[in-house]
Each structure stands twice: as C-alpha cells, then as structure tokens.
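Notes follow once the structure below has been shown.
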Amino acid sequence: MTWQVVFFLAFLCGIACGQIQYSILEEMKQGSIVGNVAKDLGLDTANLEIRKLQIASQNKKHYFNISKENGNLYVIDRMDREAICEMEDICLLNLEVLAENPVNVFHVKIEIQDINDNSPVFSKHMYNIAMSESVSPGTHFVLENAQDADLGSNSIQSYSLSSNQHFKLGEQITTEGIKYPELVLEKALDREKQSSYNLILTASDGGELIKTGTTLIKVLVQDVNDNFPVFSQDTYRISLYEDAPEGFLVLHLNATDKDENSNAQITYSFSRIPEKALDTFSIDTMTGEIKIIGALDFEVTRNYHITVEAKDGGGLVTRCTILIEVIDVNDNAPEILIKSLFSPIPEDSLPGTLVALINVNDQDSGNNGEVTCHISETLPFELILSSNNYYKLITTRLMDRETTPMYNVTIMAEDEGSPPLSTKKYIKLLLSDINDNPPRFQKPSYIIYIPENNTPGSSICHVQASDFDDGENAQVQYSLLNMNIDNIPISSYVSINLESGVVYSQRTFDFEQLREFQFQVMAKDRGSPPCSSNVTVRICIIDKNDNAPKILYPTQDSEGATVFEFIPHSSEKGYLVTKVIAVDADSGHNAWLSYHLLEVSDSSLLIIGQHTGEIRTGRDLQEIDSLRQKVVIMVNDNGFPCLSATVTLNLVIAENFQHVPLEITKQPRESDNSSNVTFYLVISIALISFLFIVTVMVTVIAKYKKSNTPSAFGALTRPWYPQLSLKYPSQFSDGSLPFPCSYDVCVTLDSRQNEIAYLRPIQNVPTENLIDTEDSVSENYSAQANVSENSLNKQAQPNTEWRFSQAQRPGPSGAQPTEEAGVWPNNQFETERLQAMILASANEAAEGTSGLGGGTGTMGLSARYGPQFTLQHVPDYRQNVYIPGSTLTPTNGAGKREGKASGNKKKSGKKEKK
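For the sequence shown, the working numbering begins at 327 and goes up steadily by one.
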C-alpha cells in the first residue's frame, strides 16, 4: 500500500510538471506493463497507429518498449538497479517518447526501486588476525565490513559473531558514516592454551527475507606486538582527470609503526576494491604507491571507493579509505541522430516545411556536454531548436528541382569544451518534381526552306521542345494550332508527328502559286495540369527551274505569219535592229535570261546583247550582204537544268518598201566566177560615190533656200514638232527605242503613179484630216515654203524617195535611248496619229492608189501593214515585265524621250536622192 501511494503521488507530480514518471521495482519480468503512456499523455488511442509512438532512449541498452496498438509501456529486458545506477540513492531512467503526425516529444522518467536481491558479501572468505598474547582485554580489532549492493533497509543492517569465550562483536562508525565490525577481546589470551581461534562473522540485511553473508575470522595468537601501523589519515580524497595516462601516480601511502624490527615492517594491499577498478589501479606492497594501469572513463565510472590496509611484521593491520573522483575531460564528440527524415520533398514546399527531426547528444558533462548545432552551407534550410537537444530541419524558401534536384545537407554539432569537439552528419535530400515548367522550343521561331514540287508526305522539318521537369511532366506532345490559309485548314498543307515533332507535307507546293506560309506548333507536356508553349514555323518555298522562258516580242501568231524587220542600207555598226523581250515565270537566278543567236547566215553581221536582247549590227552593211536574213534567237534562263525558248526573225535590208522587190531581184548571188563579183563591186562603189556627191550638193542648196524663204507652215509647227527627215532616221535617234515626238510620215505610191499620201503633224486637228491626197507633185522642194497660212491642210511635195523611219516601226525595233532600256512608248496622241496613218494607207490600197495593197514589190507586207493590222495586234508591253540585265520595268517614258530628242547629233551616212 505504501508503494502504491508513492507511485500515485509520483504520477500526479509528473502530470503536474508536464512529464510522466513511473516507479517500478527492479528485476521485473519481461513483458510486465509499466503503464499506459498514451492514456497518461492524453493521446487519442484511435490514432496510435498514425502517431507511430516509439521509445528514444539515450542509454545504449534498452529496457522498455511501447506498444503501438494500445500505448502500453512494457519491460523487454532484465533490470538490475545495481548495474544501472550502482550505489546512487535514486535511480532514474529518462525515456523519450516520439510521436509523428504531428511530431511531438514526450519525456518519461522511470524510477527503479531497489529490492532485496543481493546478499551481503565479504571481500574475503577468510581473514587472518594475528593477536599478541599480551593484548589486554577490551582491545578492539577492526574487521572488514561486508558489502551489499542493495540500498536502504535492504542493505546491511547488523553483524553477528559466532559464540566464543574470548571475543565479542563491536562496531565502529567512521566520519563518513561507514560501519565497520570490530572484534573485541573480552578475556585475555593464553597462547600456551590455544594458539588460534576460528570465528564466523555474519552480516545480515534488513529485507523482508533477510539475507546474510559470512566470512571466517582466524585469530592467531602471537607474541607481543603492541603497536599498529598508523596512516596519516583514515580517508584520502583524490581527483583524477579521465585522460590521465597509464603509470600516473595516484597516491603514495605511508603508514608508520612504532614497533621495531619485523614488527615495524609494513606491507600494503588492497583490502576492498571494486572489480572494475582492479584493471585500473595497482598498489606497490612495499612502497604503498598507487598507480593507474588502465584507462579512466568518466562516462563509465565517475567514482572509485578503495580500502587499503597496512600490515606490520607482527600482523597488526590498519586500514584507510581512498575515494577517487574522476574529472570529465572533453573526450567525446557530439552524436547526431536522425530521428525522422522526410525525403523526397515536393519542390513547391512552402517555407517552414519540416524536413527532418534531429537529436544531438554529448556524453560529456558540464560545458563539455553543451552542444550547438548548425548547417555548414548556405542552403534553403535551417535548424530550429525544439526541446532537450532536439532540432527541426525546416525549409526557408521555395526550391526549384530543375535548378537543384538534390541537396547534400551537412549538419555540424560542436560542444563547448576546450578544445571543442565537433561531428558532421550528411543528409541527402531529394526534391520531387511538380509540373511547373512549360516545354521550351530550341528556337524562338523556325524558318524552313523547301524546294517546290516536293513529294507529298515527305518530312519538311523537325521542331523539338524540351521540358525541364521530370517523368510524365517532361513528356512532350506536339500538335498544330487550328488556322486557315486562304480559307483552307492548315492540316491540308502540313501534318505533325505527335511524339517526334516531325512536320510532313500534305501536298505538293508550287512556288508560282504559294511562296510562303506559316503556322503555329503547340508543345504540351503530360503533367497535371499540363503546360504548353507555341512556336511559329515559317515555310518558305524555294523556286525550281520548272518554267521555260516565254518570248513576248517578237510574237509569232497562230496563223504563222512571218515577222519582218527592216534594216536600212545606211545602217552603221551598232545600229539597233530590234529587241527580243522575254519573261520567265520563275524567280531569282532561274529567271535571269540570256539571249543568243542560234542560227544566223553571217555571224559578223548581227550581234545580240546577252542580257538586254537587243539585236544590233556588228559591222557596216555592204552591198554584197544578203538582202534577206533569217535569224533564230534562243533565250536561256540561268536555272539548272537550263530551259530555253526560240523565235525566228526575218530581216530585210532595204531603203524603203518600193525598193524591196527590186533589191531582192538584184541581190547578188554567189557565183563560181569571182571576176564578175569584182566587176559588180567596182561599179557599185563608183555609183555610190557619185550619188553621195549629188546628195550632198542638193542638201546644201535645199538648206540654203529654206533658210532664205521661211514657210508659214514651218513657222507655225516648228516649236511643237521639229521637222524630221525620214531619210535620216539616225539624225535624232541614238539607236534605241523610238522617240515620242511628232514627225512627218510620207507614203509614196509606185514610181509609175503620181499620187502620194502623207501624215503631217498639226496640233488640235482631227485625225481624219491628217491624210491628204494630191493630184500633182511639185518638182521643186522649195515649193513647200510658198504654202500660205490659209492652206494649212496642204503640204508640199516630199522627196520621191521615202521610207518608214526606224522610230515608226511597231515593237522595240525603233530608236530608243540606251539609258531608257525596257521603256515602251504609249503616247496617246502619237498612237492615234499612227492608227490614222495605217487606216488611210489601207483605204488607198483598197482603191488601188497605194503600193501597200499587197501588189507587186510589197514582199507580202500586207499582213503587217494591211487593213487588218491595227494597234490591237501590237502587244502591250507596259505591264511589269522582268527583263534580265535591267532594273527597269516598262512604263510610260514618253516625256523623257522628248527631252532627249533634240540633243542627238548623230549623222547618217546614207546618200540623199533627189
């Protein structure tokens, strides 16, 4: 009942103090229940499995365990109070109960109470006492006391001595309160009667079941030795540092004896010493020096209680007590124990998240056992002291697994000893991934170049995105965003592989129809929720040379009409005969065109601009040149393989339409007789020289008369329309395309007729009045100057020899400034006059008054200059046309040519015929 009251009071005190304390008896059986910790701590018994209660004891040996089902604290090993606490009055075991979810630490103290489980024990089974016969009665002989590991009433309470006639039992109490039995002589000894006595000394404890211990005391009666050895003090207190080396002198005992000779010779020995001290200390029997022979350990034994006896030669013994206290030194480094560790932890864990529960312990005492704990590196973690050397490792900021997937945390514990000792503990913390990163493409945008005429289903490009996350969060899928190109879904153009990101074409692309298009690709991971990103892919179609050049001029209509170009006899080297215009539907290098003469009868006569297409004379014309030239022009592009187109052009060398048949019939033919050729050449040269002299004379006289007799008609029209002679087409032309200025066009009939038709420039006059017919022709050129102002609709007779100037031909064969290459005239007034001229000529031809009706000597020119030849048969080249070799686009450039016509000073070498 008393024990139960003590236990109940201790339990109430523990609850009040914030901790639980149990009192139990030692030597309890295994499985004995100490108490219900969960109930006493106020824990919910239904959540015990979640709380995961466990015992965390700092002792190396565990005596208790806790049930996770009901929270009972039970014994798992034999408890010997004397082995655990030795001679301490109160034996307490400190237990720590850990609970998780949430983490809590509860402190439980268990007091182990002593039971009478140890009998008194004497250090020796037999003690020899030499006693002189001269010892007087009443002399006290101190005996060795017995040792009982129990405490209190269970320890030694009394001694008893076997009955005899000479001795009785006494008791001596030291200043330390230690009781020693004494043998008291009651009756004088007589060695001659009895030389020895055997006495039994019994020690009894105070337990309910009294336990005893005995030893034999053998008393030897000797001669007189009446002085005992004497120590300087009966108790010696020694303090030793636990790191004292072996051989260190602990104490030098020096007992004295007033006797002489052998009775004064003293020997020293351990009378009583703990077993664990036998390997630690030794004593020199002759000198009394006590030395260290083994290592001291404060954490194992803090105090030693040793009894030393000094015996003289006569057998007298004196004892002293040596109390050795071991002083702690800082010889134990702190211990770091990981009690709970949560790894891996989510990378989005908030600051303050618990990562680990750490216990730090140092077996040293005092400052040597005071430990501080910290993290050595700068990491997103910190240690917070929880309670009783427990630390919490928590997060301090947000973490990113993609930047640092793992942390090696080094925990350092250091005590306050001198010198301080430290311990490091390494914790490997892993971060678990969350889907916090969208896929990222390798490029901000893709520009892909593919050739046209590709094969449907072929791969175009490969878009690739990577995700810094892990697992399913990093698995990327690709798709096309819905969009239309010209109201056609993008899926009709391209498709994409869901897993690889390879883009395939769904159709054949034509550069001439579609040059580029773009779409967006979305990369989405498989996380929850998923993250995605887009990238723009631009597909550029590369042109291939799949279009042959197309020749715009000269044209060959479907009726197969022959195209003729005229070259005057007066043409010099470099004279612009015509210009070939071609275009190519391709672009770039594939549209760079070059012009070549494929077939030509005389390669020296004509040359062609490789990049401009202009056909010019390569030399001055000769009389022996063929009057008809057939030229085949080939136009090549710059692609690979090269594509080409050809056109056939017929060239006629003649002064005018009237001379065409004659000159053709008179065209010299190749003959085997070289002498005839030479003769004709000489005659031709002489005739040409004569005609040239006459022409110069007539020209000078005409110019002289014209300057003296001004014409009213010329005075009226000269400022707007400069008088141009059709006989000198190169006088106001530089050999390029025609000028947009007004000029006189005269069409004469056959030499057997007297009627002429002409076109003369008059401002603000209807086009139907531009064509006049006169019945007579004036023989004098000066008659033109006498025309009055009232007869402006009349014009003086022109020279009998006339021709169309190079500037009046349709197409690019007319005169054109070289710097205006590619410019085509479109002057409306000029076009109307040219159309009126052609219509008038056609009417006269129908009436039989003109030589242009397709009669003899016309060379079949009615197909070009007949009534059916209108301006609608002339191709319109004012559209934008790419001309290789030139950066210009054909536009209306009439104004430019008007400004340059008056500055051309080039003279023609052709002879003027009167």
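Cβ coordinates follow ideal geometry from the N, Cα and C atoms, glycine included.
Shortest alpha-carbon distance to Cys417 belongs to which of Ile350, Leu1007 and Asn714?
Residue mapping note: residue 417 aligns to position 91 of the sequence shown, counting from 1. For the residues Ile350, Leu1007 and Asn714, the minimum Cα distance to Cys417 belongs to Ile350.
Is the distance from the Cβ of Ile618 to the Cβ of Thr627 below 8 angstroms?
If you number the sequence shown from 1, residue 618 lands on position 292. If you number the sequence shown from 1, residue 627 lands on position 301. For Ile618 and Thr627, no; Cβs fall outside 8 angstroms.
Where does the unbroken beta strand (DSSP E) through Arg377 begin, and where does it stop?
Your numbering for residue 377 matches position 51 in the sequence shown. Arg377 -> not in any beta strand (DSSP E); alpha helix (DSSP H) instead, spanning Leu374 to Arg377.
Does Ile346 pass the burial test, meaning 16 or more other C-beta atoms within 10 Å, or should it be called exposed?
Here residue 346 corresponds to residue number 20 of the sequence shown, with the count starting at 1. Flag for Ile346 reads buried.
Taking C-beta to C-beta, are Ile816 and Leu806 nearer than 8 angstroms?
Numbered from 1 along the sequence shown, position 490 holds the residue referred to as residue 816. Numbered from 1 along the sequence shown, position 480 holds the residue referred to as residue 806. Their beta carbons are under 8 angstroms apart, which means Ile816 touches Leu806 by this criterion.
For the region 656-665 and the region 571-584, state whether three or more C-beta atom pairs, one from each stretch, are separated by less than 8 angstroms.
Too few Cβ pairs lie closer than 8 angstroms, so no.
Where does Leu421 land, buried or exposed, given buried means 16+ other C-beta within 10 angstroms?
Walking along the sequence shown from the start, residue 421 turns up at place 95. Its Cβ being crowded by 16 or more others within 10 Å, Leu421 is buried.
What alpha helix (DSSP H) runs, 4 residues minimum, are completely inside the region 609-680?
Qualifying alpha helix (DSSP H) stretches: none in this window.
Taking contact to mean 3 or more Cβ pairs, one atom from each stretch, closer than 8 angstroms, check whether the region 631-641 and the region 583-603 are in contact.
Yes, they touch.
Which partner residues of Lys754 appear in the DSSP bridge assignment?
Counting from 1 along the sequence shown, the entry for residue 754 is found at position 428. Looking at the DSSP assignment, Lys754 forms a beta bridge with Asn734.
So, helix, strand or coil for Tyr1030, using DSSP?
Here residue 1030 is taken as the residue at index 704 of the sequence shown, counted from 1. In the structure shown, Tyr1030 sits in a helix (DSSP, three-state: H, G or I).
Do Phe493 and Glu568 count as a contact pair if the criterion is CB distance below 8 angstroms?
Along the sequence shown, one-based indexing puts residue 568 at 242. Along the sequence shown, one-based indexing puts residue 493 at 167. Not in contact: Glu568 and Phe493 (Cβ atoms no closer than 8 angstroms).
Output needed for Pro967: all residues of its chain with C-beta closer than 8 angstroms, excluding positions within five of it in sequence on either side, in chain order.
Counting from 1 along the sequence shown, the entry for residue 967 is found at position 641. Here the set comprises Asn871.
Determine the closest residue to Met612 out of Asp638, Ile599 and Pro672, with distance taken between C-alpha atoms.
The residue you call residue 612 lines up with position 286 of the sequence shown. Closest by alpha carbon: Asp638.
Assign Cys411 to one of three DSSP states: helix, strand, or coil.
As a working note, residue 411 is residue 85 in the sequence shown. Residue state, collapsed to three classes: helix.
Closer than 8 angstroms by C-beta to Pro875: which residues in its own chain qualify, once you throw out the five before and the five after it? Chain order, please.
The residue given as residue 875 occupies position 549 in the sequence shown. Same-chain partners within the cutoff: Ala908, Val909, Asp910, Leu919, Val961, Asn962, Asp963, Leu969, Ser970 and Ala971.
I'd like to check one pair, Gly944 with Leu931: are the Cβ atoms closer than 8 angstroms?
Working through the sequence shown from its first residue, we reach residue 931 at position 605. Working through the sequence shown from its first residue, we reach residue 944 at position 618. Result yes, Cβ atoms of Leu931 and Gly944 sit closer than 8 angstroms.
With distances taken from CA atoms, which of Leu977, Asn873, Leu953 and Ser952 is nearest Gly965?
For the purposes of this step, residue 965 is identified with residue 639 of the sequence shown, where counting begins at 1. Measuring from the Cα of Gly965, the nearest candidate turns out to be Asn873.
To the nearest whole angstrom, what separates the beta carbons of Glu408 and Asn444, a pair I think is in contact under 8 angstroms?
In the sequence shown, counting from the first residue as 1, residue 408 sits at position 82. In the sequence shown, counting from the first residue as 1, residue 444 sits at position 118. Indeed, because the Cβ distance is near 6 angstroms, the residues count as touching under 8 angstroms.
Let me know if Ser818 comes out buried or exposed under the rule of 16 or more other beta-carbons within 10 Å of its beta-carbon.
Within the sequence shown, numbered from 1, the residue matching residue 818 stands at position 492. Label assigned to Ser818: exposed.
Within 8 angstroms, do at least three Cβ pairs link the region 942-956 to the region 839-859?
Because the criterion of three Cβ pairs below 8 angstroms is not met, the region 839-859 and the region 942-956 do not touch.
Where do the ends of the alpha helix (DSSP H) carrying Ala917 lie?
Translated into positions along the sequence shown, residue 917 becomes position 591. From DSSP, Ala917 is part of no alpha helix (DSSP H); its letter is neither H nor E.
Lys850 lies in the beta strand (DSSP E); which residues open and close that run?
As a working note, residue 850 is residue 524 in the sequence shown. Unbroken beta strand (DSSP E) run through Lys850: Glu842 to Asp851.
Between which residues of its own chain and Arg727 is the CB-CB distance below 6 angstroms, once the five residues before and five after are set aside?
As a first step, residue 727 is located in the sequence shown; it is residue number 401 there, counting from the start. Once the five neighbours on either side are set aside, the close Cβ partners of Arg727 are Glu673, Leu757 and Asp759.
What's the gap between the Cα of Gly464 and the Cα of Leu515?
Taking the first residue of the sequence shown as 1, we reach residue 464 at position 138. Taking the first residue of the sequence shown as 1, we reach residue 515 at position 189. If you take the alpha carbons of Gly464 and Leu515, they lie about 12 angstroms apart.
How long is the line joining the alpha carbons of Asp654 and Ala739, rounded to whole angstroms?
As a position in the sequence shown, residue 654 is number 328, starting the count at 1. As a position in the sequence shown, residue 739 is number 413, starting the count at 1. If you take the alpha carbons of Asp654 and Ala739, they lie about 19 angstroms apart.
Which runs of the alpha helix (DSSP H) fall wholly inside the region 746-821 and span at least 4 residues, in chain order?
Listed in chain order, nothing qualifies, since the region 746-821 has no complete alpha helix (DSSP H) run of 4 or more residues.
Please name the residue or residues paired with Tyr717 in a DSSP beta bridge.
Within the sequence shown, numbered from 1, the residue matching residue 717 stands at position 391. BP columns for Tyr717 point to Ile684 and Leu711.
Would you kindly work out how many angstroms separate the C-alpha atoms of Asn658 and Leu527, rounded to a whole number?
In the sequence shown, counting from the first residue as 1, residue 658 sits at position 332. In the sequence shown, counting from the first residue as 1, residue 527 sits at position 201. Taking the straight line from one Cα to the other gives about 46 angstroms.
By alpha-carbon positions, which one of Phe845, His451, Pro670 and Ser691 ends up nearest to Leu525?
In the sequence shown, residue 525 corresponds to position 199, counting from 1. Minimum Cα distance to Leu525 is reached at His451.
Which one of Val863, Val735 and Asn694 has the shortest CA to CA distance from Gln768?
Numbered from 1 along the sequence shown, position 442 holds the residue referred to as residue 768. Of Val863, Val735 and Asn694, the residue nearest in Cα terms is Val863.
Can you give the Cα-Cα distance for Ser486 and Val431, rounded to whole angstroms?
Here the question's residue 486 lines up with position 160 in the sequence shown. Here the question's residue 431 lines up with position 105 in the sequence shown. Whole-angstrom Cα-Cα distance: 53 angstroms.
Given a cut-off of 8 angstroms on the beta-carbon distance, is the pair Pro446 and Thr582 in contact?
As a working note, residue 446 is residue 120 in the sequence shown. As a working note, residue 582 is residue 256 in the sequence shown. No; because the gap between Cβ atoms is not below 8 angstroms, this pair is not in contact.
Starting from the C-beta of Asp476, find all residues in its chain whose C-beta is less than 6 angstroms away, skip the five residues before and the five after it, and write them out in chain order.
Here residue 476 refers to the residue found at position 150 when the sequence shown is read from its first residue. Asp440, Asn442 and Asn444, listed in sequence order.
Can you give me the start and stop residues for the alpha helix (DSSP H) that Val550 sits inside?
Position 224 of the sequence shown, counted from the start, is the residue given in the question as residue 550. It is not in any alpha helix (DSSP H) - Val550 carries neither H nor E in the DSSP assignment.
For the beta strand (DSSP E) containing Asp531, list its first residue and its last residue.
Position 205 of the sequence shown, counted from the first residue, corresponds to residue 531. Element bounds for Asp531: Ser522 to Asp531.
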